[in-house]
Amino acid sequence: MARGSCCWALVVGLAAVLLLWARAPFAPRNFWGEDGTRFFAHAMADGWIRPLGRSLAGYFHFLPRLLGAVGTLVPLEWAPAAVFVGCLASVGWFAATIWLAGDRLLPNPFVRSAVAVSPVLLPIVGFESIGNITNLHFLMLAPAAVVIMGTQEGRGRQVNDVLLVTMAGLTSPTTLGLAPLAVARLASDRRDGSRRPAPVLVAWLVGVTAQFMMIATMVDDSREMATDRSVPEIGFLFLERVLLYNLVPFWPRIAGDGFETVTVALVLRGLV
């Protein structure tokens, strides 16, 4: 791995961290949603290991579980800040990985840098926020996709990319949606003369398989699969709440009571 590439990756990762910190000033002082009520609370009650086998909404959240446990290492009043630092570190990791792994797909370093930090520039008006560990499984899809289609030159990049893709599979079943990219990567490698699947493809398959095996055998309550956030509903919710709700300024779900409560300030926040 070239030293210059590593330096630029660190710069891009730091830029993503600073952008997220600027956009989520509330995060170091507050737990958001499941960050506190589930991931941190379960780690406080049961330690680091046992919560990894607990499902939420019908699937398993490996990375948020780990980061939620980080909050137990500091005094209680500092716990939200500690968890947010874990969120920042993860986002920086994602951005740096996109910059490194995307060199073949995006040879222009400035375009690649823009793509790497784009997840933290998305509109965040609404019920969801990018400044928490609960929603990291959405942000992980971007670097996982780039890693699957990218190149792994050098042992360091290979280890990093394998770790990220495995973590993505263990964190969310939506990683299965990257299957077309995995097939395309396999076909591309075959055309280039490689007879073995790339390590990142094996890691992706292992992570996804482990996630669905755990869903099939270890879900705490089968009724979780019937909730509005269960696995069969993830695709719809991602389209409706993440894409349409956040990217279309006047999408009806911006306000629960209808269009009349949409203000100019709210629309501007959604576009900035």
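Counting in this note's numbering, the sequence shown runs from 457 upward without gaps. All residues carry an ideal CB built from backbone N, CA and C; glycine is no exception. If you're wondering where the values come from, they're calculated on a predicted model, not measured in any experiment.
For A480 versus I586, is the C-beta distance shorter than 9 Å? With respect to the 9 Å criterion, A480 and I586 are classified as neighbours on the basis of their beta carbons.
Name the residue from G625, L620, V615, F487 whose alpha carbon lies nearest to the alpha carbon of G527. Minimum Cα-Cα distance from G527 among the listed residues G625, L620, V615, F487 corresponds to F487.
Can you check whether the CB of A552 is closer than 9 Å to the CB of G649? Taking a C-beta distance under 9 Å as the contact criterion, G649 and A552 do not qualify as a contact pair.
Return the CA-CA distance between S569 and R613, expressed in angstroms with no decimal places. Cα to Cα, the separation comes out at about 17 Å.
Using alpha carbons as the reference points, say which of A666, Y515, V664, V539 lies closest to N588. Closest by alpha carbon: V539.
State the CB to CB distance for the pair L620 and L475, rounded to an integer number of angstroms; the pair is presumed to be in contact (CB under 8 Å). Actually they do not touch by this definition, with Cβ atoms about 20 Å apart.
Cβ separation of L544 and W477, assumed to be a contact under 8 Å, to the nearest whole Å: Between W477 and L544 the Cβ distance is about 6 Å, and since that is below 8 Å, they are a contact.
Take A497 as the anchor and find which of G633, V664, L523, V571 has the nearest alpha-carbon. The closest CA to that of A497, considering only G633, V664, L523, V571, is found on L523.
Does the Cβ-Cβ distance between P599 and F550 come in under 9 Å? Between P599 and F550, the CB-CB gap stays under 9 Å.
By a C-beta neighbour count over all protein chains shown, 10 Å radius and 16 as the cutoff for buried, is I505 buried or exposed? Residue environment analysis places I505 among the exposed positions, since fewer than 16 neighbouring C-beta atoms fall within 10 angstroms of its C-beta.
Please confirm if the segment 593–608 is in contact with the segment 652–663, defined as three or more CB-CB distances below 8 Å between the two stretches. Yes, they touch.
Tell me, please, which residues DSSP counts as bridged to L512. Partner(s): Y515.
Could you tell me the alpha carbon to alpha carbon distance between R641 and Y515, rounded to whole angstroms? If I take the Cα positions, the gap works out to 27 Å.
What residues in its chain sit with their C-beta under 8 Å from that of L637, if we drop five residues either side in the sequence? Closer than 8 Å at Cβ, skipping near neighbours: A601, I604, M605.
Can you list, in chain order, the residues of its chain whose CB lies under 6 Å from that of P507, leaving out five sequence neighbours each side? By the criterion of a C-beta distance shorter than 6 Å, P507 is surrounded in its chain by H498, A499, R521, once the five residues flanking it on both sides are discounted.
Host alpha helix (DSSP H) of V541 (start-end): Per DSSP, the unbroken alpha helix (DSSP H) holding V541 starts and ends at 535–557.
8 Å CB neighbourhood of T729 in its chain, flanking five on each side removed: The requested residue 729 is not part of the displayed model; the chain covers only 457 to 728.
Terminal residues of the continuous alpha helix (DSSP H) containing Q608? Neither: Q608 is in no alpha helix (DSSP H) and is coded neither H nor E.
So the alpha helix (DSSP H) D645 belongs to, where does it begin and stop? 635–647 is the extent of the alpha helix (DSSP H) around D645.
Give the straight-line distance between the Cα atoms of R560 and G542, rounded to the nearest whole angstrom. If I take the Cα positions, the gap works out to 29 Å.
For L532 and A483, what's the separation of their Cα atoms in angstroms? Here the C-alpha atom of L532 lies approximately 15 Å from the C-alpha atom of A483.
To the nearest angstrom, report how far apart A666 and V547 are at their CA atoms. Between A666 and V547, the C-alpha separation is close to 24 Å.
Put R506 into one of helix, strand or coil per three-state DSSP. DSSP places R506 in helix when its eight states are reduced to three.
When DSSP labels each residue in this structure, what does A654 get in the three-state scheme? Reduced to three states, the DSSP call for A654 is coil.
So is M669 buried or exposed if we call it buried at 16+ other beta carbons inside 10 Å? Burial state of M669 is exposed, judged by a 10 Å Cβ sphere holding fewer than 16 other Cβ atoms.
Which same chain residues end up closer than 6 Å to F583 when comparing Cβ atoms and leaving out the 5 residues on each side of it in sequence? Its pLDDT being 48, under 50, F583 is placed unreliably in this model, and the coordinates cannot settle the point.
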